[in-house]
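Only one structure is covered here, and it is reproduced in the block below.
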């Protein structure tokens, strides 16, 4: 599946694909492309499943990143497919935007097992509830990190002074 | 009878404190749990709230001491894509040379650690002795062995001068001459073979599903290398190919031995890349905009998002950056180091092996942690401490046992 076929397949599903590119190389110029796709929360599993089914080899899940954009939170799931062939790899990002008063996404761990670390991270860093996540422990933050404080948020739940968060902190 | 053996969480030599909890039946490992939440430095938070984008380059450099070129490289790639900053040709070549120098020193460092974990300390000292050659070159070129502060938006901060080139060529010759000897020491040694062949196998299917990267995934037969798949900097000029163990051994098993093979091949590949980069090093500037304030104001006005990916010694490193107009710091900065993806593979690798295999298998993915200091054995509710030395001793005992 090359880039055009992937874009066509996603368009058939009613999704819009934004392509961003940048040139690289000195003597041999190549174009580095990345695809960005907005997906609704309810369709996330379906679309990622579609990628898993159609990619030649199991898609590589890189990481999930998230941004606090006012009254909404966006989550980007970064994938790559077609690796192993020179210049044929496709970087694709699925973006889900959810309102802060209904902050949850379905887990992808049942279709892409590698997402478990990122989903645990989303949960502790941005406070997004992951429906169906089998392991809900902290990943990077320590056990005694206070509840309701989310380091990647930009609202009142963001940590004010990181040092003072821990028990036993002295002036 | 099931025992639980936690390993970790902290050791003075580890850059990343991490804890592993093993469930054992006798000597056999039946379950592995990784507990990463031991120490959080909040690097991303600082980059998103306190630092300006130029300060964040130096912060990124301090994410990992060994990969101190890789993280700034990813960050710079992402920001250059958003702001559309040009990079001079010479700078692109210098970036390639820098990242390959880093790969050589990192893989040799790892090879030494692997030998040490097997109780083969002569080989550790030998590998680290030959590693000094590349460290000297790093010092000559950058003025520093680690945290080299070489990356900048729009180029690099230090040139490779005319007088450096003969020294780098001498290093290339040195490693070319040594390659066969080192390959023989690691690949033909009976003890190393016994301790690594068929130990810690990661099947191709698991490697793909768990999203592993770098030498770990390539040793399982996945031809994945960012330098080949989506080349950046001046990499398109070199036609890099992903190294898999079958190049030397003719087959891919995906065990610890194969991971040694891949890293040795990559050292050779890096030396060749540096050589051809020096041959074709274009003349000209090394940075497109020297005034930091100008770069900063351009970044402040920019809006957008991008991914920077770089093939670090341990595998694909990726940074996601989102910039917002008028916002001083990064609006979002997500760092994903290769070990993040690779530690999940410990479970399939370590299952049904013995405690004595933990050090070498754990080290075989080249995590940013390589030895274990304290082990608490919880037996019938009573705790007993095992130190890193005890674990190391167990590993050496196994080597001796196998030799008999």
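Residue numbers (our numbering), protein chains in the order written: chain U, 267 to 437; chain L, -9 to 394. Every residue, glycine too, gets a C-beta built ideally from N, C-alpha and C.
Rounded to the nearest whole angstrom, the C-alpha separation of residue 45 of chain L and residue 137 of chain L is 14 Å. Between residue 283 of chain U and residue 301 of chain U, the C-beta gap is smaller than 7 Å, which places the two residues in contact. Residue 284 of chain L carries a helical assignment under DSSP once its states are collapsed to helix, strand and coil.
Contact between residue 333 of chain L and residue 245 of chain L does not hold, since the beta-carbon distance rounds to 18 Å and is not under 8 Å. In the three-state scheme derived from DSSP, where H, G and I count as helix and E and B as strand, residue 354 of chain U is classed as coil. Cβ contact annotation for residue 276 of chain U (same chain, cutoff 7 Å, sequence separation greater than five): 283, 303, in chain order. Going by C-alpha positions, residue 104 of chain L is about 13 Å away from residue 248 of chain L. One alpha carbon belongs to residue 129 of chain L, the other to residue 268 of chain U, and they sit about 44 Å apart.
Taking the Cα positions, residue 288 of chain L is about 12 Å away from residue 314 of chain L. Neighbours of residue -5 of chain L in chain U, taken as residues at a C-beta separation under 7 Å, are lacking, since the least C-beta distance is about 19 Å. Contacts with chain L at 7 Å (Cβ-Cβ) include residue 296 of chain U. Under DSSP, residue 365 of chain U shares a beta bridge with U:338.
Counting only unbroken stretches of 4 or more residues, the alpha helix (DSSP H) elements lying wholly within the region 291 to 343 of chain L are 328 to 332, 336 to 340, in sequence order.
Put simply, of U:419, U:385, U:426 the residue whose alpha carbon is nearest the alpha carbon of residue 330 of chain U is U:385. The CB of residue 350 of chain U comes closer than 9 Å to the CB of 212, 213, 214, 215, 218, 219, 232 in chain L, given here in chain order. One Cα belongs to residue 171 of chain L, the other to residue 338 of chain L, and the distance between them is close to 33 Å. By the neighbour-count criterion, in which a residue is buried when 16 or more other Cβ atoms sit within 10 angstroms of its Cβ, residue 298 of chain L is buried. Neighbourhood of residue 321 of chain U in chain L, by CB distance below 9 Å: empty, with the nearest CB roughly 10 Å away. Close to chain L, meaning a Cβ-Cβ distance shorter than 7 Å, are the following residues of the region 313 to 347 of chain U: 323, 324, 326, 327, 328, 329, 331, 333, 342, 344. Between the C-alpha atoms of residue 197 of chain L and residue 408 of chain U there is a straight-line separation of about 28 Å. By a beta-carbon distance limit of 8 Å, residue 394 of chain U contacts residue 369 of chain U. Their separation comes to about 5 Å.
Each residue's CA atom was taken as its position, placing residue 160 of chain L and residue 419 of chain U some 51 Å apart. Residues 117 of the same chain have their beta carbon placed closer than 6 Å to that of residue 101 of chain L, with the five preceding and five following residues left out of the count. Not flagged as an interface residue toward chain U: residue 304 of chain L, since no C-beta distance is shorter than 7 Å.
Ranked by Cα distance from residue 142 of chain L, the first of L:389, L:135, L:183, L:283 is L:283. DSSP places residue 228 of chain L within a helical segment (H, G or I) once states are collapsed to three. The alpha-carbon separation between residue 205 of chain L and residue 305 of chain L amounts to approximately 6 Å. Here the C-alpha atom of residue 135 of chain L lies approximately 15 Å from the C-alpha atom of residue 119 of chain L. In terms of CA proximity to residue 334 of chain U, L:35 leads the group L:164, L:193, L:279, L:35. Secondary structure note for residue 349 of chain L: its alpha helix (DSSP H) is the uninterrupted segment 348 to 354.
The beta-carbon of residue 337 of chain L is placed no less than 7 Å from the nearest beta-carbon of chain U.
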